[in-house]
Amino acid sequence: MAETTVKAPVEKEKEPLFGPKEKRLLTDPLNDNNPITVQVLGICSALAVTSLVYPSIIMAISVTFVTAMSSFFTSLLRKQIPKQVRMIVQLVIIATLVTIVEQFLKALNFEVYKQLAVFIGLIITNCIVMGRLEAFAMANRPWRSLLDGIGNGLGYGAILIVVAVIREFFGKGTLFAGSPLAWQIIGPSSDYMLDTTQISWLGWYQNNNLMVLSGAAMFIIGILIWIHRTWNPKLVDVS
Amino acid sequence: MDLINIFIKSAFIENLVLTYFLGMCSYLAVSKSVKTAFGLGLAVIFVLGITLPINWIITNFLLSENGILGMDLTFLRLILFIAVIASMVQLVEMVIEKFSPSLYNSLGIFLPLITVNCAILGGSLFMVSKEYNFSESVAFGLGGGFGWFLAIIAIAAIREKLRYSNIPAPLRGLGIAFIITGLMGLAFLSLLGIDPAAF
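As given, the protein sequences belong to chains A and B, one line each in that order.
Numbered according to the working numbering, the first sequence terminates at residue 311, and the numbering increases by one at each position without gaps.
Numbered according to the working numbering, the second sequence terminates at residue 292, and the numbering increases by one at each position without gaps.
As C-alpha cells, then:
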C-alpha cells in the first residue's frame, strides 16, 4: 500500500525525467553561470592545487561529488530543516561528505592525499557548495538539485583544469605529472616525472617559473574572465 | 623569539590570501571600500586568534591517541573544526551586537560569512599539519589574521582608485581584481628572502 501512495504524485506531474529544463541545469554553469568566472565562488580552496593537472582533476571530481550529493541530501531534507539552524545543518552535511572523500582518497592514493590534504578539507568552506545549497537546493526537488550540483561541480572543474593545463605546460613542460599518464612535452625532463627516460620534443624550452608561482593562477583566471566576457558580452560588469 | 618568527612568517611570507588563496570569496566580495574591508579584517583577526587555540586543544586532547578518549579520532576533525568556527562566529556576532551596534550594522551580512571564510578553516588545518604547540598556534592565528587584514585593506584601497581608470569593459570589476591580486602576490614573494630569525 505504501508503494501506491508514493507512485501517485509522480504520475500526476507528467514531467520528463530529463527534459530541456534539466539539460539547462547541467549546461548553464559551464557558460552563462560559471561558478568561477561569473559567480566568483569557490576560488578559495582550489587555486593552490592548479600547478599540476593530475591533482586538479582529483580536486574537480571531489568537488563535483560533494556539490552533487550535498545538494541532493539538503533538498531531501529541505522541509524538515528549521530556518534558524539551516547553516549548521548544511555545514554538517557538507563536512560529512568531505570526510568521506578525504578517507576515500587517503586509502586510494596516499601520495596525492598528502599533496591535497589541507585543500580537500577546505572543500567544506568552498563557497560554491554552500552557495548552491542556499540558492538552489533549499527551494527545489532532489533530482533537479542533484543535476544542478553536478553542473556546478563540472563548471568549476572545467576552469580548474584549464588553468592547471596552462600552468603545468608552461611551468614544467609536462602534463599529468605524478600520474601513470605523465608526459614530458617540452623542456628538459623534470624531476616531477616518474619515468625520466622519456625524451621531450623540444629540449630547448626553459621552464617558466612564473607559472609555478601562485600569482600566475590569478593572472590566468583574470584573463579567462576577460576572454569569457568578451565572448559573452551580457556578462560584462557595468559598475 | 620563536613566536615573533611565526607571527612574521604567517603574516608576510606565508600570507593566507596571497600565497595560499584562502578567504578569496570574501576578499573579492568585500574589497570594494576600505571602510568595510577594515571591519571585516579586524573580525577575521579576532576569529582566527580565538578558534586556532580552541582547535589546537581539540586536536591534541580530544582527537589524538594520547588524549582523554584514548582513541585516534582524527577523521572527526573536519566536522569538529567547522562546528567550533561556526559557534565562535556566532559568539563574536552576539558580542559585537551587544557592545558596538554601529560596527555590527556596518558589517552586516559579512559577519556570518566568516564561517565559510576558508582562511579560518585553512588556518586550523595548516596549524595541525605544521605541528605547532599551543603558544605557537596563537601566534600563527594572530599572524595569519593580520596578513589577511593587510591584504584586504591593500586591495580595497587599490580598487577604490581603480574606479576612475580606463579599463577595457570586459576586464572591469572582477577580472582586474584578480590580476591585481596576482601582482600583489608577486610583490609579497620578494619578502621570501627575509630571515625572520633576524628580528
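Even glycine gets a Cβ: it sits at the ideal position worked out from N, Cα and C.
Who are the Cβ neighbours of residue i in its own chain at under 6 Å, not counting the five residues just before and after it?
i	result
Val221(B)	Thr152
Asp165(B)	Glu158
Val231(B)	Pro146
Leu113(A)	Pro107, Cys199, Ile200 and Gly203
Phe242(B)	Gly134 and Ile138
Ile297(A)	Thr109
Met283(A)	Arg239, Phe242 and Gly243
Arg150(A)	Met210
Thr167(B)	Leu156
Gly160(B)	Phe154
Since residue i and residue j should fall inside the 8 Å C-beta cutoff, what is the C-beta to C-beta distance between them, to a whole number of angstroms?
i	j	result
Pro312(A)	Gln175(A)	Past the edges of chain A, shown from 73 to 311, lies residue 312(A), and the structure says nothing about it.
Leu218(A)	Ser143(A)	6 Å
Leu204(B)	Glu186(B)	5 Å
Gly132(B)	Leu196(B)	6 Å
Leu307(A)	Ala179(B)	In fact, because the Cβ distance is near 33 Å, the residues do not count as touching under 8 Å.
Ser103(B)	Ile248(B)	About 19 Å separates the two Cβ atoms, so there is no contact after all.
Met181(B)	Ile143(B)	6 Å
Ile284(B)	Phe105(B)	Per the sequence presented here, residue 284(B) reads as Leu, with Ile not at that position. Right, the Cβ-Cβ distance comes to about 5 Å (below 8 Å), so this counts as a contact.
Val170(A)	Ile195(A)	5 Å
Thr129(B)	Ser199(B)	7 Å
Gly317(A)	Ala132(A)	Residue 317(A) is absent from the structure shown; chain A starts at 73 and stops at 311.
Phe271(B)	Gly294(A)	3 Å
Interface residues of chain B around residue i at Cβ under 7 Å?
i	result
Met202(A)	Val209
Val164(A)	Ile172
Val170(A)	Leu171
Gly167(A)	One detail in the question is off: residue 167(A) reads as Ala in this sequence, not Gly. Simply Leu171, Ile172 and Ile175.
Thr302(A)	Pro263
Among residues of its own chain, excluding the 5 on either side of residue i, which ones have a beta-carbon nearer than 7 Å to its beta-carbon?
i	result
Phe174(B)	Asn148, Leu214 and Ser217
Asn108(B)	Gly240, Ala244 and Phe281
Ile165(A)	Ser142, Phe145 and Thr146
Ile273(B)	Ile248 and Ile251
Thr208(B)	Ile178, Ala179 and Val182
Phe100(B)	Ala232, Leu235 and Gly236
Ser311(A)	Residue confidence for Ser311(A) is low, a pLDDT of 47 falling below 50, so the modelled location carries little weight; the figure read from the coordinates is stated next. Excluding sequence neighbours, Ser311(A) sits near nothing in its chain.
Ala120(A)	Phe191 and Ser286
Val125(A)	Ile233, Ala236, Val237, Glu240, Leu247 and Phe248
Could you work out which residues of chain A lie near residue i, taking near to mean beta carbons separated by less than 7 Å?
i	result
Thr274(B)	Met290
Leu282(B)	Leu285
Given that residue i touches chain B, what residues does it touch there, using C-beta distances under 9 Å?
i	result
Leu194(A)	Leu115, Cys211, Leu214, Gly215 and Leu218
Ala189(A)	Leu218 and Ser222
Val308(A)	Ala262, Pro263, Arg265 and Gly266
Thr139(A)	What Thr139(A) touches in chain B: nothing, since even the nearest Cβ is about 14 Å away.
For residue i, return the contacting residues in chain B, with the cut-off set at a CB-CB distance below 8 Å.
i	result
Met159(A)	Ala179, Pro205 and Thr208
Gln175(A)	Phe168
Val112(A)	Cys118, Leu121, Ala122 and Leu267
Thr136(A)	In chain order: nothing, as chain B lies at least about 18 Å away.
List, in order along the chain, the chain A residues whose C-beta lies closer than 8 Å to that of residue i?
i	result
Phe271(B)	Met290, Phe291, Ile293, Gly294 and Ile297
Gly234(B)	Near Gly234(B) there are no residues of chain A at all, since even the closest Cβ is about 16 Å away, more than 8 Å.
Ala249(B)	Simply none; closest approach about 15 Å.
Gly278(B)	Leu285, Ser286, Gly287 and Met290
Which same chain residues end up closer than 8 Å to residue i when comparing Cβ atoms and leaving out the 5 residues on each side of it in sequence?
i	result
Leu213(A)	For the record, residue 213(A) in the displayed sequence is Arg; it is not Leu. If we look at Arg213(A) and ignore the five residues flanking it on each side, its Cβ neighbours are Ser147.
Thr122(A)	Ser128, Leu232, Val235, Ala236, Arg239 and Ala289
Leu97(A)	Arg216, Leu219, Asp220 and Gly223
Val173(A)	Ser134, Phe137, Val138, Ile192 and Ile195
Leu177(A)	Ile130, Ser134, Val184, Tyr185, Leu188 and Ile192
Leu276(B)	none
So residue i contacts chain A; which residues on that side make the cut at Cβ distance below 9 Å?
i	result
Ile147(B)	By Cβ distance, chain A contributes nothing, its closest Cβ being about 17 Å from Ile147(B), past 9 Å.
Tell me the start and end of each unbroken alpha helix (DSSP H) in the region 96-168 of chain B that is at least 4 residues and wholly inside, in chain order.
117-122 and 127-150
For the 8 Å Cβ check, are there 3 or more pairs between the region 131-142 of chain A and the region 130-138 of chain B?
no
What are the start and end residues of each continuous alpha helix (DSSP H) run of 4 or more residues lying completely inside the region 204-263 of chain B, in chain order?
211-223 and 227-255
In chain order, which continuous runs of the beta strand (DSSP E) of length 3 or greater are located wholly inside the region 225-265 of chain A?
none
Suppose only complete runs of 3+ residues qualify. What are the beta strand (DSSP E) ranges in the region 85-113 of chain A, listed by chain order?
none
Inspect the CB distances between the region 253-261 of chain B and the region 98-106 of chain A and report whether three or more fall short of 8 Å.
no
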